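A.B. asks: Take the sequence shown: its position 232, counting from 1, is numbered 223 in our numbering, and each next residue is one higher.
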Amino acid sequence: MSIIEHILLFFLLFLFYFLWGKYSSSNKDNVKFWLQAVRPILLYALIVGSRYGWGPDYISYKYRMEHAFSEPDEQIGFRWLNQLINVLGLNYVGGYIVYSLIFVICAFVLIRSYGKQSRYMYAFFVPATLFFVSAAIRQGIALSFLFLAIYFFHQKKWIQTFLMILIGISIHTATLIPVAFICIIYLFFRKKLFDWRITIPLYIYLSFFFDGSSIGFIASYFKYFSLDNKFQNYINEADRWFGVEGAESKYAQSTFALITSSLFYISFIYLGYRSLKLKPNEKIIYIYNTVVFGVLLYRTVFLYEILRRFAEPLVLLYFISISYIIYVYEGNKRYNLIKNGISKVSIDYRVYLVGLLLIVIYHILYWGRFIFLNPGAKFFWNN
-8 MSIIEHILLF FLLFLFYFLW GKYSSSNKDN VKFWLQAVRP ILLYALIVGS RYGWGPDYIS
52 YKYRMEHAFS EPDEQIGFRW LNQLINVLGL NYVGGYIVYS LIFVICAFVL IRSYGKQSRY
112 MYAFFVPATL FFVSAAIRQG IALSFLFLAI YFFHQKKWIQ TFLMILIGIS IHTATLIPVA
172 FICIIYLFFR KKLFDWRITI PLYIYLSFFF DGSSIGFIAS YFKYFSLDNK FQNYINEADR
232 WFGVEGAESK YAQSTFALIT SSLFYISFIY LGYRSLKLKP NEKIIYIYNT VVFGVLLYRT
292 VFLYEILRRF AEPLVLLYFI SISYIIYVYE GNKRYNLIKN GISKVSIDYR VYLVGLLLIV
352 IYHILYWGRF IFLNPGAKFF WNN
């Protein structure tokens, strides 16, 4: 069982974000919104930033923070951030709180821009991103600026968009990968949805029948890449990270976990498609397509730690699409959708309720275990 403060603090975090998004996030006055947003932002930064020892990178990045002026090979953006933390006189705990603060503020900027559609984005933002930003620490900070890049892109502010991408890359070069996928999907699929009749069967095949270790042959191709940065270490040891021997059994799911996660993703894919057919929105369509592509890629490389990190930034954007699904279907009760050519509204709405129930059940099971049955999770004061 988890320690009591872990249970209380993370239960508070999840509950507060749900309630705040539902009841307090719709303030149209920007100044009042950001004054009110101080509470959830600080709550996230203090709780997530105070964790200790989570993931394989925590201790190494703690060291880098404490030796920011003597780490010669650090990427420039990340080195400058750590040096600023040192100059401010913060220890590693303060540094991790700063990391979390950057991430949550950037996420709020993006979420706020969706207006009424953002009501449930706050609730799903925490579970969608928490594991990634706490395990892939530097990549998580870089992802913050990808959020800002998407925000400025929607505002058609091209210089700011490009600048945010550059900052993200200066923190972690792998930011190029989600940027490339998002750009390609936007260029070719911002108006055309990935059809669930193709993507759901493909997901089922990749989840239940595909041999994940069979992609190990790609290791032989990585030797042709030269990135001239710390990621080059992975390429130099491609057989270890991307070959057959790189497939890690620890990532294999139990039958129950596989079924519940599959029901979640299948529900998401179908309901996302239906909601966007019902109420098309280009700013959501390409995000939805990006997530679906990311989910399929994620299942393909599920057993490979490094390759998973390429897919996870795409998958975690699901918090945007799920909120849009709820936004659209909540409108079903207020508008006569038969006029839009939908003759079986009641059936469609029942399917939505079942799908949403499966999504909620998955989150309750997965994150309930994280909150209550996670004895290894601790905070800096437990160390």
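Positions of the beta carbon are idealized from the N, C-alpha and C atoms, including for glycine.
Everything numeric in this text was worked out from a predicted model, so none of it was measured.
(1) Per DSSP, what kind of secondary structure is Y295 in: helix, strand or coil?
(2) Can you tell me which of V100, Y277, L178, Q244 puts its alpha carbon nearest to the alpha carbon of D186?
(3) Closer than 6 Å by C-beta to G86: which residues in its own chain qualify, once you throw out the five before and the five after it? Chain order, please.
(4) For S369, which beta-bridge partners are listed by DSSP?
(5) Is the beta carbon of L262 sitting closer than 9 Å to the one on V342?
(6) Taking its Cβ as the centre, do 16 or more other Cβ atoms sit within 10 Å of F60, making it buried, or is it exposed?
(7) Count Cβ pairs between the region 26 to 42 and the region 345 to 358 that sit closer than 8 Å; are there 3 or more?
(8) Using beta carbons (cut-off 9 Å, strictly below), is G86 in contact with chain B?
(9) Measure the CB-CB distance between F168 and Q66 and report whether it falls below 9 Å.
(10) Given a cut-off of 9 Å on the beta-carbon distance, is the pair V124 and F99 in contact?
(11) Give the DSSP-derived three-state secondary structure of K330 in the structure shown.
(12) Taking contact to mean 3 or more Cβ pairs, one atom from each stretch, closer than 8 Å, check whether the region 242 to 256 and the region 142 to 160 are in contact.
(13) Give the secondary structure of E62 by DSSP, where H, G and I count as helix, E and B as strand, and everything else as coil.
(14) Check whether the Cβ atoms of I297 and F1 sit closer than 9 Å, and answer yes or no.
(15) Under a three-way DSSP split, which group does F208 fall into?
(16) Could you name each continuous alpha helix (DSSP H) segment of 4 residues or more that falls completely within the region 61 to 132, going from the start of the chain to the end?
(17) With a threshold of 16 other CB atoms inside 10 Å of the CB of A171, please say whether the residue is buried or exposed.
(18) In three-state DSSP terms, what is D219?
(19) Can you give me the start and stop residues for the alpha helix (DSSP H) that H163 sits inside?
(20) Within 10 angstroms of the Cβ of M(-8), are there 16 or more other Cβ atoms? Answer buried if so, exposed if not.
(21) Might you give, ordered along the chain, the residues of its own chain that have their beta carbon closer than 6 Å to the beta carbon of S135, omitting 5 neighbours on each side?
(22) Counting Cβ pairs closer than 8 Å, one from the region 106 to 124 and one from the region 10 to 22, do we hit at least three?
(23) Roughly how many angstroms lie between the CA atoms of L267 and V78, to the nearest whole one?
(24) How would you call H58, buried or exposed, if buried means at least 16 neighbouring beta carbons within 10 angstroms?
(25) I189 lies in the alpha helix (DSSP H); which residues open and close that run?
(26) Three or more beta-carbon pairs under 8 Å between the region 347 to 356 and the region 253 to 262, yes or no?
(27) Using three-state DSSP, classify Q151 as helix, strand or coil.
(28) Going by beta carbon distance, what residues of the same chain come within less than 8 Å of A127, once the five residues before and after it are set aside?
(29) Taking DSSP as the reference, what is the three-state secondary structure of R181?
(30) Do you know whose CA, among I(-2), V345, F7, lies nearest F116's CA?
(31) Can you give the Cα-Cα distance for Q244 and W372, rounded to whole angstroms?
(32) Cα separation between P118 and A36?
(33) Within this structure, are the beta carbons of I316 and F259 separated by less than 9 Å?
C.D. replies: In terms of the structure at hand:
(1) The answer is coil: DSSP assigns Y295 none of H, G, I, E or B.
(2) Measuring from the Cα of D186, the nearest candidate turns out to be Y277.
(3) Closer than 6 Å at Cβ, skipping near neighbours: M56, I76.
(4) It should be pointed out that residue 369 corresponds to Lys in this sequence rather than to Ser. Within the DSSP secondary-structure output, K369 pairs in a beta bridge with Y43.
(5) For the pair L262 and V342, the CB atoms are nearer than the 9 Å cut-off.
(6) Of the other Cβ atoms in all chains shown, fewer than 16 fall within 10 Å of the Cβ of F60; this residue is therefore exposed.
(7) These segments do not touch.
(8) In summary, chain B is missing from the structure at hand, where a single protein chain is found.
(9) Contrary to the premise, residue 168 reads as Ile rather than Phe in this sequence. Not in contact: I168 and Q66 (Cβ atoms no closer than 9 Å).
(10) Using a Cβ distance threshold of 9 Å, V124 and F99 do not count as a contacting pair.
(11) Annotation note: pLDDT 49 at K330 (below 50); position unreliable, no value reported.
(12) Too few Cβ pairs lie closer than 8 Å, so no.
(13) When DSSP states are grouped into helix, strand and coil, E62 belongs to the coil group.
(14) Cβ distance not < 9 Å, so I297 and F1 don't count as in contact.
(15) The pLDDT assigned to F208 is 48, lower than 50, so where the model puts this residue is not dependable; a value taken from the coordinates is nonetheless given after this. In this structure, DSSP gives F208 a helical state, which the three-state scheme calls helix.
(16) The region 61 to 132 contains these whole alpha helix (DSSP H) runs: 67 to 78, 83 to 103, 112 to 126.
(17) So A171 counts as exposed.
(18) Confidence at D219 is low in this model, with a pLDDT of 49, below 50, so its placement is unreliable and no value can be given for it.
(19) For H163, no alpha helix (DSSP H) encloses it, and the DSSP letter there is neither H nor E.
(20) Residue environment for M(-8): exposed (fewer than 16 other C-beta atoms within 10 angstroms of its C-beta).
(21) Excluding its 5 nearest sequence neighbours in each direction, S135 has C-beta neighbours in its own chain below 6 Å: I93, F94, C97, listed in chain order.
(22) With the cut-off at 8 Å, the region 106 to 124 and the region 10 to 22 touch.
(23) In this structure, the CA atom of L267 is about 48 Å from the CA atom of V78.
(24) Exposed.
(25) Where I189 is concerned, the enclosing alpha helix (DSSP H) stretches over 187 to 199.
(26) By the C-beta criterion, the region 347 to 356 is judged to be in contact with the region 253 to 262, since at least 3 inter-stretch pairs fall below 8 Å.
(27) Per DSSP, reduced to three states, the secondary structure at Q151 is helical.
(28) Cβ within range, chain order: G46, D48, R300, E303.
(29) DSSP places R181 in coil when its eight states are reduced to three.
(30) Closest by alpha carbon: F7.
(31) When rounded, the distance between both Cα atoms is 32 Å.
(32) Between the alpha carbons of P118 and A36 lies a gap of roughly 15 Å.
(33) Cβ distance < 9 Å, so I316 and F259 count as in contact.
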